[in-house]
Amino acid sequence: MSVKVIDSNQVTIAGKMIAMPIFSHKVREESFYTLDVEVKRSSGVRDVLPVIIPDKLMDIFQRCTDGFIRVKGQYRSCNKQDGCKRRLLLYVFAKEIEIIEKEPDVAEDNCIVLEGYIGKPPVHRETPLGRWITDIMLGVNRPFGMTDYIPCICWGANAALAEGFETGSHVKITGRIQSREYIKKLTETEFEKRIAYEVSIKNLDVIT
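Heads up: the sequence shown begins at 2 in this note's numbering, then just goes up one per residue.
Encoded structure:
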């Protein structure tokens, strides 16, 4: 079964703007800007998620210099050179933006739906408290032959199911985007604080 690219990657996030968008890069004649949006979880933890905004959507910020916004679009990835290695960068690519009057208080304001293929063997592990976790890398197609590679994390029964996936398995997931801080060891004496982004899976379906 082929995946409809237009439906295979849908994201909605809503939260507080950390600051006004700043220029990021230019592709041909179109400019793009970056913005961090702070999104609250039901637990009270707050994820700060990067958003890329095309120039055609920037007019809304003439009316919104701070406060809360809702962004709809796609979750995308790109590789960035970091010394001798390449780092996977993840961001929400905005297709629509609207101003909202107050901070959202429902979990549905961070929702992602992805359909794609398992890109490499899953990694299954167990926490010290005995909880099952499986990490998967999901390849999601987009137009012009491009593919976004998105790390996802499964819990409990979903982790048990995902452990058995083979590379190329076709799956559909729903969940939320989350961030976590970690310490990267650069040398024996140098360390750097970084932020990792992943999709926490709520529902997982195998497509046959």
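Yeah, the Cβ is synthetic: ideal placement off N, Cα and C, and Gly gets one too.
Please read all numbers here as calculations on a predicted model, not as lab measurements.
task: Could you give the DSSP three-state label for G157: helix, strand or coil?
output: Residue mapping note: residue 157 aligns to position 156 of the sequence shown, counting from 1. If DSSP states are grouped into helix, strand and coil, G157 belongs with the helices.
task: State the Cα-Cα distance for the pair L50 and E189, rounded to the nearest angstrom.
output: Here residue 50 refers to the residue found at position 49 of the sequence shown. Here residue 189 refers to the residue found at position 188 of the sequence shown. Distance between the alpha carbons of L50 and E189: 30 Å.
query: From G16 to G74, what distance separates their C-alpha atoms?
result: Looking up residue 16 in the sequence shown gives position 15. Looking up residue 74 in the sequence shown gives position 73. So the alpha carbons of these two residues sit roughly 15 Å apart.
- prompt: For S170, which option in I119, P22, T148 has the closest C-alpha, if you only look at C-alpha atoms?
  reply: Residue numbering aside, residue 170 sits at position 169 when the sequence shown is read from its first letter. Considering only alpha carbons, the answer is I119.
- request: Could you say which of K173, N111, T35, K57 lies nearest to N159 if we only look at CA atoms?
  value: Taking the first residue of the sequence shown as 1, we reach residue 159 at position 158. Ranking K173, N111, T35, K57 by Cα distance to N159 puts K173 first.
- request: Determine the DSSP secondary structure at M59, reduced to helix, strand or coil.
  value: Here the question's residue 59 lines up with position 58 in the sequence shown. Three-state result, M59: helix.
task: Would you identify the three-state DSSP class for D106, choosing helix, strand or coil?
output: Position 105 of the sequence shown, counting from 1, holds the residue named residue 106. Reduced to three states, the DSSP call for D106 is coil.
task: Take the Cβ of M138 as the centre, count every other Cβ of all protein chains shown within 10 Å, and call the residue buried at 16 or more, exposed below.
output: Taking the first residue of the sequence shown as position 1, residue 138 is located at position 137. M138 comes out buried.
query: Do E104 and F145 come within 8 Å of each other at the CB atom, strictly closer than that value?
result: Residue mapping note: residue 145 aligns to position 144 of the sequence shown, counting from 1. Residue mapping note: residue 104 aligns to position 103 of the sequence shown, counting from 1. No.
Helix, strand or coil at V20 according to DSSP, with G and I counted as helix: What you label residue 20 is simply residue 19 of the sequence shown in a count that begins at 1. Here residue 20 is Ala; the residue named in the question, Val, does not match the sequence. Coil, per DSSP.
- prompt: Does the pairing of the segment 126 to 133 with the segment 42 to 57 give three or more beta-carbon distances under 8 Å?
  reply: no
task: Spatial neighbours of H26 within its chain, please: CB distance less than 6 Å, with the 5 preceding and 5 following residues excluded, ordered by chain position.
output: Numbered from 1 along the sequence shown, position 25 holds the residue referred to as residue 26. If we look at H26 and ignore the five residues flanking it on each side, its Cβ neighbours are F33.
task: With distances taken Cα to Cα, identify the nearest neighbour of N111 among T35, G140, E199.
output: For the purposes of this step, residue 111 is identified with residue 110 of the sequence shown, where counting begins at 1. Of the candidates T35, G140, E199, the one whose C-alpha sits nearest the C-alpha of N111 is E199.
message: Using C-beta distances below 7 Å, list every residue in its chain close to E164, excluding the 5 sequence neighbours before and after it, in chain order.
response: Position 163 of the sequence shown, counted from the start, is the residue given in the question as residue 164. Correct list, in chain order: P123, H125, T135.
Contact under 8 Å by Cβ, I100 with I61: In the sequence shown, the residue the question calls residue 100 occupies position 99. In the sequence shown, the residue the question calls residue 61 occupies position 60. It is a contact, given that the beta carbons lie within the stated cut-off.
message: What does the alpha-carbon distance come out to for the pair G117 and R47?
response: As a first step, residue 117 is located in the sequence shown; it is residue number 116 there, counting from the start. As a first step, residue 47 is located in the sequence shown; it is residue number 46 there, counting from the start. Taking the straight line joining both Cα atoms gives about 28 Å.
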